[in-house]
Each structure stands twice: as C-alpha cells, then as structure tokens.
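Heads up, the thing below is written out as structure tokens.
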Amino acid sequence: ARALADELGGSASAIVLGAGAEELAEALRAYPLDAVLVSGDPDVDAYLIDPAVDYVEAAMRAAAPALLLVPNTMYGRDVAGRIAARLGAGLAADVTELRVEDGRVLCTSPKLGGATIATCALRGSDYGVVTVRPNAFAAHAGGSGARVERLAKPAGKAYAMAIESTVEEA
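Just so you know, the sequence shown maps onto residues 10 to 179 in the working numbering.
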C-alpha cells in the first residue's frame, strides 16, 4: 500500500473494525501508513458483513479516488465484491503483483492453476478494488507512527442478518 500510494501521489491507510480494533490499530502504527482508521463498533461482529462494508464504503468515498486492497479470503472476497458494486469500481482478484505504469495500477494474477498469468489495469483516477493473495506481499515495519482516526458509524443503516453463534471445527 505504501509503495502504491507513493507512486500515485496519495496516502496509505488501513481500516480496522470490530472487536480488538483499538489494539490492532496501535500495532499498525509501526508500519509505513499515514493513518489507521478504526472502529470497535460491536455491530461489525454481531451482523453478517454489511456493517463492515458500510464502514469501508464510507472511508473510500471520503478518500476518493481510492484503491482498496483486501485479503483474498472468503470474507475479503465478499467485502471486495460488495464495495466494487456500490462504488462502480473495477475489481481484480487473487493478485500476486501490483505496479504503477502511466498512472494506472497493473494487477497480475495467475489463472487456471497458474497455466495463465493475467495482468489487468485499474485507472488511478477511479475507484479500484483488489483482492491480494495471502503471503504474496511482505509487510515491512518501519513507519513513523501513523495517526489513528476514529471512524464515525455510517448513519441510517439497519441490519437484518445477525450472527447468533460461531462454531470452530477442527
């Protein structure tokens, strides 16, 4: 995120939501970020995905244009798809390399089990959403103390799909 932000002339921020968000935000201050946006809102953990998407959407609209990087996990893909739809953004999935060329973000990802390597471009002047493959990018500490900003709860939202229990299986 830091390298992309520097090349595009923007800022790099992290969004941390739900239980334990405050502690994680403090830990992220050691990384090269400009800001860590945080909310410990219990709705994020109590309801299925929509509260998290609302927070991320609000943060992206405030930073427009913005590029969102999310982990290519089940949850991350759900968030990414909903954000892309809400913002009319381009979406690149399972990305293993990112680079900036002529003001565009180029996203490289393997397809068909690695038999094909695809590169797609997101314009830097628009919203973009990228799911990044776990462990494809290394996180390097060395920040100078990102500011921690509290996110306001998006207004006028009601959630219907509550999480009643979570079961972990071996």
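Don't be surprised by glycine CBs; every beta carbon is placed ideally from N, CA and C. No experiment lies behind these values; they were computed from the predicted model shown.
Whole-Å CB distance - residue i paired with residue j, under 8 Å assumed
i: Leu131; j: Leu76; result: 7 Å
i: Pro80; j: Pro143; result: 6 Å
i: Asp50; j: Leu26; result: 7 Å
i: Ile92; j: Glu66; result: 6 Å
i: Thr117; j: Thr105; result: 6 Å
For residue i, the residue or residues it bridges with in DSSP
i: Arg113; result: Glu110 and Arg132
i: Arg159; result: Val47
i: Val79; result: Thr140
Distance CB(residue i)-CB(residue j) smaller than 8 Å
i: Tyr136; j: Ala98; result: yes
i: Thr140; j: Arg86; result: yes
i: Ala184; j: Ile24; result: Within the shown structure, residues of the chain are numbered from 10 to 179, placing residue 184 beyond reach of any answer.
i: Val114; j: Leu107; result: yes
i: Val157; j: Arg38; result: yes
i: Cys129; j: Ala164; result: no
Candidates the options, of which the one nearest residue i by Cα
i: Ala44; options: Ala161, Ala167, Gly154 and Ala164; result: Gly154
i: Leu46; options: Asp52, Ala71 and Thr117; result: Ala71
i: Tyr168; options: Arg113, Tyr56, Thr128 and Thr125; result: Tyr56
i: Ser20; options: Pro74, Val79 and Glu178; result: Pro74
i: Ala147; options: Asp50, Lys120, Glu110 and Pro41; result: Pro41
i: Thr175; options: Gly122, Thr117 and Asp54; result: Asp54
i: Ala28; options: Pro60, Ala36 and Ser48; result: Ser48
i: Asp59; options: Glu178, Met170, Leu13 and Leu160; result: Met170
i: Ala61; options: Gly152, Glu178 and Ala161; result: Ala161
i: Arg11; options: His149, Lys166, Ile172 and Thr128; result: His149
i: Asp15; options: Glu35, Gly112, Thr82 and Ala30; result: Gly112
i: Glu31; options: Thr82, Glu178, Arg159 and Pro163; result: Arg159
i: Ala145; options: Ser22, Asp103, Leu13 and Met83; result: Asp103
Simplified DSSP assignment, three categories, for residue i
i: Tyr168; result: coil
i: Gly27; result: coil
i: Pro60; result: helix
i: Gly123; result: helix
i: Leu42; result: coil
i: Val104; result: strand
i: Gly90; result: helix
i: Gly85; result: helix
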